[in-house]
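K.L.:
Sequential numbering of the sequence shown, starting at 63, is according to my numbering.
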Amino acid sequence: MALSAHDDGSPAGSSSPTLLLDAGTGVRRVSALLDKRPFIGTILLTHLHWDHIQGLPFFESGDHPDSAVTLLLPPQEDGADAESVLARMMSPPLFPIRPNNLRGSWTFGVLSPDAFGDDGVAVGAFSVTARDVPHKGGRTVGYRVSDGHSTIAYIPDHCPTEMGPGPEGWGEYHPAVLELARNVDVLIHDAHLFPEEVAAQASFGHAAADYAVGLGCRAGARKVVLFHHRPDRTDEALDGLVARFSTYPVSVCGAADGMELAP
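Okay, structure coming up:
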């Protein structure tokens, strides 16, 4: 996900993106947004599963002689540094180059403890707060990001049933995600499952779409964007899913490739 801050009163999104949330294969699209100019900014990773990092070596505007990229990921439970963790995926024989072979100026690091505090941290023109969320297979965080005009919560991979069944059986509305989503303009949330799939498949680490909308309602979000669809969902199934929430007190839409949101 690419974010642009307001600049001289212009709408968010009208200027070049300077903050990217995760770096799956979709990060290649950011180069077109930049007209293939170098990326100058920060990439924040929620976690290190392949679908959130495999776009890194194919990000043309990042792998550019004039780029200046800071990449931050959650502190690892084993204390490993960011570059060595990324090199587990991106190094021979699995890949021809290592992270430090990317062109331009790259800095690899972990989120500071301040990111998990009440005030968060400054990341360029943005204020960013991180919170741990349950997801199978490695430390995972969600982000709350504000540019002083608009605020989003980005929780793409979340297994709330690990915190208990919650009131509907879809998972607990626990303090970390309620804090991230409180009164945001947009909540982008894991909606991998339908409610009838939770019992058999939640253990893989994902949430039901109904949980995402329920969280948005409880937290006072203005809009919920359903994200991380199962690969075998058809457009018709996703349209039907969104239509189910047409009478809810929060606006709901399904994330799609190339979607742009502006205040």
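Using N, Cα and C, we set each Cβ at its ideal position, and we do this for glycine too.
On a predicted model such as this, the values are computed, not experimentally measured, just so you know.
1. Does DSSP put Asp-252 in a helix, in a strand, or in coil?
2. Using the rule of at least 16 other Cβ atoms within 10 Å of the residue's Cβ for burial, across every protein chain shown, is His-114 buried or exposed?
3. Leaving out five residues on either side along the sequence, give the residues of the same chain with a beta carbon under 7 angstroms from the beta carbon of Ala-243.
4. Keeping to the same chain, check which residues put their C-beta closer than 8 angstroms to that of Arg-201; ignore five residues upstream and five downstream.
5. For the alpha helix (DSSP H) that contains Arg-150, what are its first and last residues?
6. Secondary structure at Trp-232, three-state DSSP: helix, strand or coil?
7. Could you please give the first and the last residue of the uninterrupted alpha helix (DSSP H) stretch that includes Ser-93?
8. May I have the straight-line CA-CA distance separating Leu-96 from Thr-87, to the nearest angstrom?
9. Evaluate Pro-175 with the Cβ neighbour count: other Cβ atoms within 10 Å of its Cβ, from every protein chain shown; 16 or more gives buried, anything less gives exposed.
10. Under a three-way DSSP split, which group does Ser-208 fall into?
11. Taking DSSP as the reference, what is the three-state secondary structure of Val-195?
12. Take His-254 and list the residues in its own chain whose beta-carbon comes closer than 6 angstroms to its own, dropping the five residues that flank it on each side.
13. With H, G and I counted as helix, E and B as strand and the rest as coil, what does DSSP make of Glu-322?
14. Three or more C-beta pairs closer than 8 angstroms, one from the stretch 227-242 and one from the stretch 257-265: is that the case here?
P.N.:
Taking the definition as stated:
1. In the structure shown, Asp-252 adopts extended strand secondary structure according to DSSP, grouped into three states.
2. His-114 comes out buried.
3. The beta carbon of Ala-243 lies closer than 7 angstroms to those of Ala-215, Leu-249, Leu-277, Gly-278, Ala-281, Ala-283 in the same chain, with the five residues before and after it left out.
4. His-109, Pro-136, Pro-137, Gln-138, Glu-139, Asp-194.
5. Per DSSP, Arg-150 is not a residue of any alpha helix (DSSP H), being assigned neither H nor E.
6. Coil at Trp-232, not helix or strand.
7. Annotation for Ser-93: the continuous alpha helix (DSSP H) segment containing it runs 90-95.
8. Taking the straight line from one Cα to the other gives about 16 angstroms.
9. With fewer than 16 Cβ atoms within 10 Å of its Cβ, Pro-175 is classed as exposed.
10. Secondary structure at Ser-208: strand, using DSSP grouped into helix, strand and coil.
11. Val-195 falls in the coil class under three-state DSSP.
12. The answer, listed in chain order, is His-268, His-290, Arg-292.
13. Residue state for Glu-322 is assigned as coil, using DSSP reduced to three classes.
14. Enough Cβ pairs lie closer than 8 angstroms, so yes.
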